[in-house]
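A.B. asks: Residues -15 to 142 (this note's numbering) are what the sequence shown spells out, left to right. For every residue, glycine included, the Cβ atom is placed at its ideal position computed from N, Cα and C.
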Amino acid sequence: MEQQVFGGEQDSFGGERHSGRPTRPLWDAMRRGFQGRCPKCGEGRLFRSFVKTVDRCEHCGEEIHHHRADDFPAYIVVVIVGHIMVGGFLALEAVADLPLWAHLSIWIPLTVLLALALLRPVKGAIVGLQWALYMHGFGGSEDVVESHPELLERRAAL
């Protein structure tokens, strides 16, 4: 049997053994999302405003509204921007002795601009990841939210 990187074992029909669903192209879906396009068809728009997704793809009709990217794209952007800014700061500090005000005037605007430039593409890639892995409603069934066991005990006691 063939082993996938982000999935279970594949059966002879190309689907995942544990679910029977066809395997979706993970990297293509993430690339399409990164480009702001529908993760399924790559044609329709993924966003209707800066980081607000459309409810459904205008081209293929795939429902997008139930994604759960939440804060994860912002965390990824913070890690990426942090590494770039620290590396840039250390490199500049090694070759030039700038005053504090010069560092502030360089790094603060650059940090803000880079974070804003990356937020939308990273969110699109996360939505593409969720679509490819059938997460959060992209599998055709609603997610079941389990109640906390203590809440169930309290309700039973009432």
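1) Once DSSP output is grouped into helix, strand and coil, what is the label at Thr7?
2) Can you tell me whether Phe122 is helix, strand or coil according to DSSP?
3) If we call anything under 7 Å between Cβ atoms a contact, is Cys25 one with His50?
4) Rounded C-beta distance between Pro57 and Val106? I'm assuming under 8 Å.
5) State the DSSP-derived secondary structure class of Arg138, mapped to helix, strand or coil.
6) Look up Phe73 in the DSSP assignment and say whether it is helix, strand or coil.
7) Measure from the alpha carbon of Gln113 to the alpha carbon of each residue in Val35, Pro6 and Arg15, then state which is nearest.
C.D. replies: This is what the structure holds:
1) For the purposes of this step, residue 7 is identified with residue 23 of the sequence shown, where counting begins at 1. Coil, per DSSP.
2) Here residue 122 is taken as the residue at index 138 of the sequence shown, counted from 1. In the displayed model, Phe122 falls within coil according to three-state DSSP, outside both helix and strand.
3) To locate residue 25, count along the sequence shown from 1; it is residue 41. To locate residue 50, count along the sequence shown from 1; it is residue 66. No; because the gap between Cβ atoms is not below 7 Å, this pair is not in contact.
4) Working through the sequence shown from its first residue, we reach residue 57 at position 73. Working through the sequence shown from its first residue, we reach residue 106 at position 122. With 8 Å as the limit, Pro57 and Val106 qualify as a contact, their Cβ atoms being about 4 Å apart.
5) For the purposes of this step, residue 138 is taken as residue 154 along the sequence shown, with counting starting at 1. Helix.
6) Here the question's residue 73 lines up with position 89 in the sequence shown. In the structure shown, Phe73 sits in a helix (DSSP, three-state: H, G or I).
7) Position 129 of the sequence shown, counted from the start, is the residue given in the question as residue 113. Inspection of the sequence shows that residue 113 is occupied by Leu rather than by Gln. Nearest option by C-alpha distance: Arg15.
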